[in-house]
Amino acid sequence: MTSSAVEPADLPAHPPAVPVPAATHAGHRDHRLAGSCLVAALGLVGHATAYALGWAGWSGPALVLWYAALVVLVVPFALLLTSAGTSPRDRLLGSVAYGVALHLSWLLTSPVLSTRFDETLHVTTLLQLLDGSIFGEHSMLPVSPHYPGLELVGVAIVWLTGVPPVVAQLATVLLARVVLMLALFALGTRLGRSTRVGAVVVLLYSGSTHFYFFNAMFSYQTVAVAMLVATVVLLLQASDTSGRRTWLLLGAAQATLAALTVTHHLTSWLTLAALWGVAGLLALGRERRRARLVLWTAEAGTAVAALWTTVVAPLLVRYLGPLADTAGSELARLATLDTTGSRAVLESGGNATPLWQVAVMAASILLWCALLVPALLATVRGRTVVRSRAHLVLAGLAAAYPLLHLVRFFPTAAEMADRASSFVTMAAALVVALWLVPRLDRGRRLVAPGAVLLVLGGVLLGGGQDWQRVPGPYLPGAEQRSVDATTVAFGRWAGRYLPEGSRIASDVTINRVLPNFAPVEPVTSQTGSDNLTPVFLAKSVDDEVVALLQDNQVDFVVVDTRTIEETALSSSYYEAGAAFGEGALTPTRQMLLKFDGAPGFERVLDGDIVVWDVRSLRGEAADFSERPDPGMPGTWHPWQVGLTAVAGLLLLLRRRHLVAPVRDAAGSRMWVWALVLPALMATGALAVALDVLPRAGSTLLVCLVLAALVVVPDHRGERESVGAATVALRAATTALVALAVLLAVRSAWDALALEELPSPPSVRTEPLGGTGTTDGGRP
Numbered sequence: 038m039t040s041s042a043v044e045p046a047d048l049p050a051h052p053p054a055v056p057v058p059a060a061t062h063a064g065h066r067d068h069r070l071a072g073s074c075l076v077a078a079l080g081l082v083g084h085a086t087a088y089a090l091g092w093a094g095w096s097g098p099a100l101v102l103w104y105a106a107l108v109v110l111v112v113p114f115a116l117l118l119t120s121a122g123t124s125p126r127d128r129l130l131g132s133v134a135y136g137v138a139l140h141l142s143w144l145l146t147s148p149v150l151s152t153r154f155d156e157t158l159h160v161t162t163l164l165q166l167l168d169g170s171i172f173g174e175h176s177m178l179p180v181s182p183h184y185p186g187l188e189l190v191g192v193a194i195v196w197l198t199g200v201p202p203v204v205a206q207l208a209t210v211l212l213a214r215v216v217l218m219l220a221l222f223a224l225g226t227r228l229g230r231s232t233r234v235g236a237v238v239v240l241l242y243s244g245s246t247h248f249y250f251f252n253a254m255f256s257y258q259t260v261a262v263a264m265l266v267a268t269v270v271l272l273l274q275a276s277d278t279s280g281r282r283t284w285l286l287l288g289a290a291q292a293t294l295a296a297l298t299v300t301h302h303l304t305s306w307l308t309l310a311a312l313w314g315v316a317g318l319l320a321l322g323r324e325r326r327r328a329r330l331v332l333w334t335a336e337a338g339t340a341v342a343a344l345w346t347t348v349v350a351p352l353l354v355r356y357l358g359p360l361a362d363t364a365g366s367e368l369a370r371l372a373t374l375d376t377t378g379s380r381a382v383l384e385s386g387g388n389a390t391p392l393w394q395v396a397v398m399a400a401s402i403l404l405w406c407a408l409l410v411p412a413l414l415a416t417v418r419g420r421t422v423v424r425s426r427a428h429l430v431l432a433g434l435a436a437a438y439p440l441l442h443l444v445r446f447f448p449t450a451a452e453m454a455d456r457a458s459s460f461v462t463m464a465a466a467l468v469v470a471l472w473l474v475p476r477l478d479r480g481r482r483l484v485a486p487g488a489v490l491l492v493l494g495g496v497l498l499g500g501g502q503d504w505q506r507v508p509g510p511y512l513p514g515a516e517q518r519s520v521d522a523t524t525v526a527f528g529r530w531a532g533r534y535l536p537e538g539s540r541i542a543s544d545v546t547i548n549r550v551l552p553n554f555a556p557v558e559p560v561t562s563q564t565g566s567d568n569l570t571p572v573f574l575a576k577s578v579d580d581e582v583v584a585l586l587q588d589n590q591v592d593f594v595v596v597d598t599r600t601i602e603e604t605a606l607s608s609s610y611y612e613a614g615a616a617f618g619e620g621a622l623t624p625t626r627q628m629l630l631k632f633d634g635a636p637g638f639e640r641v642l643d644g645d646i647v648v649w650d651v652r653s654l655r656g657e658a659a660d661f662s663e664r665p666d667p668g669m670p671g672t673w674h675p676w677q678v679g680l681t682a683v684a685g686l687l688l689l690l691r692r693r694h695l696v697a698p699v700r701d702a703a704g705s706r707m708w709v710w711a712l713v714l715p716a717l718m719a720t721g722a723l724a725v726a727l728d729v730l731p732r733a734g735s736t737l738l739v740c741l742v743l744a745a746l747v748v749v750p751d752h753r754g755e756r757e758s759v760g761a762a763t764v765a766l767r768a769a770t771t772a773l774v775a776l777a778v779l780l781a782v783r784s785a786w787d788a789l790a791l792e793e794l795p796s797p798p799s800v801r802t803e804p805l806g807g808t809g810t811t812d813g814g815r816p
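This is how it looks when you write it as structure tokens:
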């Protein structure tokens, strides 16, 4: 039984065998959802305008407008999701719309090209799969090809629809965001027996440090978090049912857990550890049936994870071992109050965080803690949830929230704590929502400012300095702000002229971006080569520099001259640069231009980015290729996109109720959405096996659409009536969102895609079939 403190407004007190759909309000009687979406769309236009100003170099006005637009985006949904008068259906749709709106707000910074660090690494894996290479070499993130769940979804979308890879990336993350919103809402609704609790969980979780930035990227944690929450929801629903439906939900949970296993290592291991712990606690509490269900899921999931992990164990040891060792030593120093190796958490590249932002971040942390104290006490005492030892796991995770911010003073431990924040804040949001919802009506005036404080605090804590919030002119060592038109032009130049398989020595920015355009290999220590940072930090081309280039078979040395005498704003310019002292943070002209005139170094590209051909050091011929321009955003197939549009329109017109799971406030069809990403991963694997042939993909898509039209019954007579006012609000919202997208795409395209670089000397022509762009294309 739930405590009387928990609002039981719209779902039964006991979970039914088949969840009962909640009642809905007629669409023409309540325009609050449509009105909230319209106001949020105005916020998106504000953000798109801010990004356009940023690209034009007006960073100050852009930031002011960005912050104002964020408030405009958050406030209407905060009021909608917390209102007692909002219908269950509108709470669900509002939760999804809110999550998608925040995602679009972030996405519009650069909708034509992935520029952030983690994204560019996963784009490389995506392109390898589109070229038919599974488990390929990845010099910047060797483990990525061995956990290809994220990228397989992108491959499936490219294969089925023919869209450019960059569009597939955006669609992948958008799907993950929708599944996450539906699952979070269902999880809160199930635990609180109220859709209002589910909506408040979504609102609170949007204040997580990772929600706006990191979990909106084309990165494997984005999909992993969605699969984690979906697994938990399906297990809870399975424990509430009996008979065949239980096995259906357990099978779906196993599919999402398997998808999680092939997507992200740490998240899958932590999930399995939690499942084993929950199974044990349930058994101790004599909840035998639930313990068996969780145990079966944990056993099967562990078998899959063990099999998968065994294959990639050596890579994981090299990748995670050093991080774990360093983080462990930092945590030990924290426990003994030893500040050796600590860092300043409120500055980056010598730029201090503005005082008002420090105040907002501190206030948001204090607000979380103030809400957590009574909420945790109520949880432990069984006042907000059913008394069960399994809920100790939820309470324990939520109680770890303050610790996440204590370890921010140590860089490696802070990185691991940042990754854990997605899961800890989720538990905190659940615990707080269960306690807060019955008390919301007493403090309605505090809802909007409280929501803005939590969201803005999370954005500031997780999003870094102001230069990371809006695009703009080139900044040195500044992650996405170091990828500008010159960087893109060099990537396209390398994609046209550098021979396939060329080994490149350069800074981290060039190393991560170049494989997105060109079939080249950056030389890093992560794939067994030497760390080449000493090549750049040496003051002259001595025997050690030459030996490093020869021993590691480097073909080209690349230097971005815009970094000369400039301090890196984020970390350092070169691999493990922090261990090499000040030179790696602020390189001098002597360091970076010493290659000019040195024997065996031929300058083949001049400008802001300089390239030296060093193949003659090994006595190799200085030949170049000539391939088609890899372009931006990449190769696509218009006929396939047109066919997809026709098939999608036909399906939407004839079977509109296929989207019913996104309107199901009771969550009875959550399993349908939960299986979308695993199904696409399987489709992506099939695509790779078939060499990603466009005609095969379109054939499969047409077969799936025809099957849906034949198998799924027509319920067009059951459509809900929609008033003229609601139609007008939806039309205005659609127009504003389209305007925001067009403005953002145009400004980003004009800023990134206009430069051209001259061809190198001695260009030779290769057959296009040998090394040209494949059907997958390159962004």
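Count the sequence shown with this note's numbering and you get residues 38 to 816, in order.
Just so you know, even glycine gets a beta-carbon here, dropped at the ideal spot from N, CA and C.
From a predicted model like this one, the values you see are computed outputs, not experimental measurements.
Assigned with DSSP and collapsed to three states, Leu497 falls in helix. Remark: three or more beta-carbon pairs, one from each stretch, lie closer than 8 Å, so the stretch 405-416 and the stretch 465-478 are flagged as touching. By the criterion of a C-beta distance shorter than 6 Å, Thr720 is surrounded in its chain by Ala193, once the five residues flanking it on both sides are discounted. Straight-line spacing of the CA atoms in Thr293 and Leu110 works out to 31 Å. Here Phe593 carries a strand assignment [DSSP, helix/strand/coil].
A direct Cα-Cα distance of roughly 6 Å separates Gly136 from Met218. In this chain, Val149 is not harboured by any beta strand (DSSP E), its DSSP state being neither H nor E. With a threshold of 16 other beta carbon atoms within 10 Å, Trp708 meets it and is buried. The continuous alpha helix (DSSP H) containing Arg533 extends over residues Ala522 to Tyr534. The alpha-carbon separation between Val764 and Val774 amounts to approximately 15 Å. In the structure shown, Pro552 falls within a helical segment according to DSSP collapsed to helix, strand and coil. For the pair Ala115 and Ala400, the CB atoms are not nearer than the 8 Å cut-off.
In terms of Cβ geometry, Val149 and Ala785 form a close pair [threshold 8 Å].
Between Leu207 and Glu188 the beta-carbon gap is near 14 Å, outside 8 Å, which marks them as no contact. Secondary structure note for Asp580: its alpha helix (DSSP H) is the uninterrupted segment Asp580 to Asp588.
Following the DSSP letters along the chain, one finds Ala775 inside the alpha helix (DSSP H) bounded by residues Ala761 to Leu789.
Nearest neighbour of Met628 by Cα position, chosen from Asp579, Ala659 and Gly80, turns out to be Asp579. The distance from the Cβ of Gly500 to that of Ile402 is about 15 Å, inconsistent with a contact at the 8 Å cut-off. Going by C-alpha positions, Arg549 is about 43 Å away from Ala702.
Taking C-beta separations shorter than 6 Å and ignoring five residues to either side along the sequence, the partners of Phe250 in its chain run Gly499 and Gly500, following chain order. Approximately 6 Å separates the beta-carbon atoms of Leu297 and Leu265; this is inside 8 Å, confirming the contact.
The beta carbon of Thr209 sits closer than 6 Å to the beta carbons of Val190 and Gly191 from its chain, once the five residues preceding and following it are set aside; these are given in chain order.
Shortest Cα-Cα distance from Leu318 to any of Ser181, Asp277 and Leu429 involves Leu429. C-alpha of Asp588 to C-alpha of Leu730: approximately 39 Å in a straight line. In this structure the stretch 138-155 lies against the stretch 79-99, because at least three pairs of beta carbons, one per stretch, are closer than 8 Å.
Contact check between the stretch 588-598 and the stretch 530-549: three or more CB pairs, one atom from each, fall below 8 Å, which counts as touching.
The residues Leu286, in chain order, have a CB closer than 6 Å to that of Gln274 in the same chain once the five nearest residues on each side in sequence are set aside.
With contact defined as three or more Cβ pairs closer than 8 Å, the stretch 176-186 and the stretch 235-242 are not in contact.
Looking at the DSSP output, Glu558 bridges to Arg540. In this structure the stretch 151-163 does not touch the stretch 298-316; the number of beta carbon pairs closer than 8 Å is below three. The secondary-structure analysis by DSSP pairs Ile646 across a beta bridge with Asp597. The C-alpha of Gln563 lies about 32 Å from the C-alpha of Leu212.
Excluding sequence positions up to five before and after Asp521, its CB lies within less than 6 Å of the CB of Tyr511, all in the same chain and listed in chain order. Across the structure, Thr347 and Ala769 are spaced so that their CA atoms are roughly 53 Å apart. By the CB criterion at 8 Å, Ala220 and Ala263 fall inside the cutoff. In terms of Cβ geometry, Leu630 and Leu586 do not form a close pair [threshold 8 Å].
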